[in-house]
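In my numbering, the protein residues as written are 394 to 659.
To start, the structure itself, in structure tokens.
This is how it looks when you write it as structure tokens:
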């Protein structure tokens, strides 16, 4: 996150506060003041003031000599999802799709060269892909990422994929440009994407794009399964038609919601 050079309206203090929140993660659920300062590159007095402010606002809590995030941080992400209206529209369709396939169903959106999960309906499995709202994966080796990358203009695609992943993961599939472009052309032509153990061993999925009222791709919807339980033939023969139906219904419902006039009453 840049702290300078972003113009006279850039609020550096806000950027620093967001950096502190983003520094916490599964490998760092709790950090001391010194660890926060080191993780963000901030001076200790600055990190201390930010932590005190976040503590008073309820976004972090003191734990002995350290700090940890509170569930209130989820409000920041949930506000985004609710502002889109997509979750409310998609939820019943996702639940129906999960019940018909007996597989977990997810929605993710592009963020740079990654996808970020914004909605999920899970089905308990002995072996499953650990995904929560906010989980980030490299976009290209995922079905959810492919359907969104395939919809981008060439110049925008190159700019997006030039950004480094922030997922911390290295995918199994790392194609050269020619292979990548061929894969995305295929996705573009058929309107859906398959990933067969390209992100990690044992995981395969199929995804379809979700569109707004103008036809613009705004997210991806997928059915995710374990390779030991579900063959590619079954994934494409049984799950894919149900997925395409659900994606079409969600897109249509979302378009109708967008068309409803919004009246502000003072």
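For each residue, glycine too, the CB sits at the ideal point set by N, CA and C.
- Here the C-alpha atom of residue 648 lies approximately 13 Å from the C-alpha atom of residue 481.
- CA-to-CA, the gap between residue 448 and residue 455 works out to about 7 Å.
- Beta-bridge annotation (DSSP): residue 427 is not paired with any residue.
- Just measuring C-alpha positions, the residue of 533, 627, 486, 427 sitting nearest residue 555 is 533.
- Of the candidates 444, 535, 492, 434, 492 places its Cα closest to the Cα of residue 516.
- Taking every protein chain shown into account, the CB of residue 503 has 16 or more other CB atoms within 10 angstroms, so this residue is buried.
- Of the residues assessed, residue 486 falls on the buried side of the cut-off, its CB having 16 or more other CB atoms within 10 angstroms.
- Annotated three-state conformation of residue 412 is helix, per DSSP.
- In the DSSP assignment, residue 580 falls within the unbroken alpha helix (DSSP H) covering 570-583.
- Taking 8 Å as the cut-off, the Cβ atoms of residue 514 and residue 501 do not count as close.
- By DSSP's assignment, residue 612 forms a beta bridge with 603.
- Annotated three-state conformation of residue 445 is helix, per DSSP.
- Between residue 645 and residue 603, the C-beta spacing is not below 8 Å.
- Only exposed fits residue 525, as fewer than 16 other CB atoms lie within 10 angstroms of its CB.
- If you check the CB distance, residue 432 and residue 441 do not come in under 8 Å.
- The beta carbon of residue 564 sits closer than 6 Å to those of 531, 534, 592, all from its chain and outside the five residues before and after it, given in chain order.
- Residue 509 is positioned such that its CB atom lies closer than 8 Å to that of residue 527.
- Where residue 497 is concerned, there is no enclosing alpha helix (DSSP H), although the beta strand (DSSP E) around it starts and stops at 497-504.
- Between the alpha carbons of residue 499 and residue 400 lies a gap of roughly 37 Å.
- The beta-bridge partner set that DSSP reports for residue 619 consists of 596.
- Taking all protein chains in view, the Cβ of residue 467 is surrounded by fewer than 16 other Cβ atoms within 10 Å, so the residue is classified as exposed.
- Beyond the five residues adjoining it in sequence on each side, residue 643 comes within less than 7 Å, by CB distance, of 482, 483, 486, 603, 614 in the same chain, given in chain order.
- The beta carbon of residue 435 lies closer than 8 Å to those of 409, 412, 413, 429, 443 in the same chain, with the five residues before and after it left out.
- Take the alpha-carbon of residue 446 and the one of residue 469: they are about 16 Å apart.
- Sixteen is the threshold: since fewer than 16 other Cβ atoms of the shown chains lie within 10 Å of the Cβ of residue 465, the residue is exposed.
- Sorting 595, 618, 585, 631 by C-alpha distance to the C-alpha of residue 610 places 585 at the top.
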